[in-house]
Amino acid sequence: MRDEIKNMLEKAERKLKSAKKLFEIGEYEDAVSRAYYAVFHAISAVLLSKGLTFSKHAQVIGAFNKEFIKTGVFPKDFTKILTRLYEDRQTGDYSYTEFPDEETTAQDIEDAQRVLSACKKYLLKLK
Numbered sequence: 001m002r003d004e005i006k007n008m009l010e011k012a013e014r015k016l017k018s019a020k021k022l023f024e025i026g027e028y029e030d031a032v033s034r035a036y037y038a039v040f041h042a043i044s045a046v047l048l049s050k051g052l053t054f055s056k057h058a059q060v061i062g063a064f065n066k067e068f069i070k071t072g073v074f075p076k077d078f079t080k081i082l083t084r085l086y087e088d089r090q091t092g093d094y095s096y097t098e099f100p101d102e103e104t105t106a107q108d109i110e111d112a113q114r115v116l117s118a119c120k121k122y123l124l125k126l127k
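By the count of UniProt numbering, the sequence shown reaches residue 127 at its end, each step adding exactly one.
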């Protein structure tokens, strides 16, 4: 595995660890943001394994859907997970009227763990 891809996965793992710690202390806004970034870095690593890089979040999500979900490499429900995590991160980071609750945050962290694990498994097979 290339060093850059390995570093991206390690960053994803750190973001997920932060999300879990923030969840424990009730910082749900920041926890959903970190859960999203765990997934963002993980799917970016998968895309990089095919030589694909993008500067915008929507491009990363769109390319991952096209290259890996629609082709059956990853489960179809990952599309909904990626979309929801992105939206929850937007709410957590930018909204002054809506706030992630405990249940939403717990689901986001669980789903981020699932996506990260699947990405790691995929990348380890490429060795």
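Idealized CB from N, CA, C, for every residue including glycine. Just so it is clear, the structure is predicted and the values come from calculations on it, not from any experiment.
Item, Value
"Taking only the alpha-carbon atoms, compute the straight-line gap between VAL46 and PHE99 and give it to the nearest angstrom.", "30 Å"
"Would ALA12 and ALA35 be called neighbours here (beta carbons separated by less than 8 Å)?", "no"
"Between ASP38 and LYS21, which are expected to be in contact by the criterion C-beta below 8 Å, what is the C-beta distance as a whole number of angstroms?", "A quick correction: the sequence has Ala, not Asp, at residue 38. Not quite, the Cβ-Cβ distance comes to about 12 Å (not below 8 Å), so this is no contact."
"So for ILE25, helix, strand or coil by DSSP?", "coil"
"Give every residue of the same chain whose Cβ lies closer than 7 Å to the Cβ of ALA31, excluding the five residues on either side of it in the sequence, and list them in chain order.", "ALA19, LEU22, PHE23, THR105, ILE109"
"Have a look at LEU116 and ASP93 and give me their C-alpha separation to the nearest angstrom.", "21 Å"
"For PHE68 versus HIS57, is the C-beta spacing smaller than 8 Å?", "no"
"Report buried or exposed for ILE25, applying the criterion of at least 16 other Cβ atoms within 10 angstroms of its Cβ.", "exposed"
"When DSSP labels each residue in this structure, what does ASP3 get in the three-state scheme?", "helix"
"Look up GLY92 in the DSSP assignment and say whether it is helix, strand or coil.", "helix"
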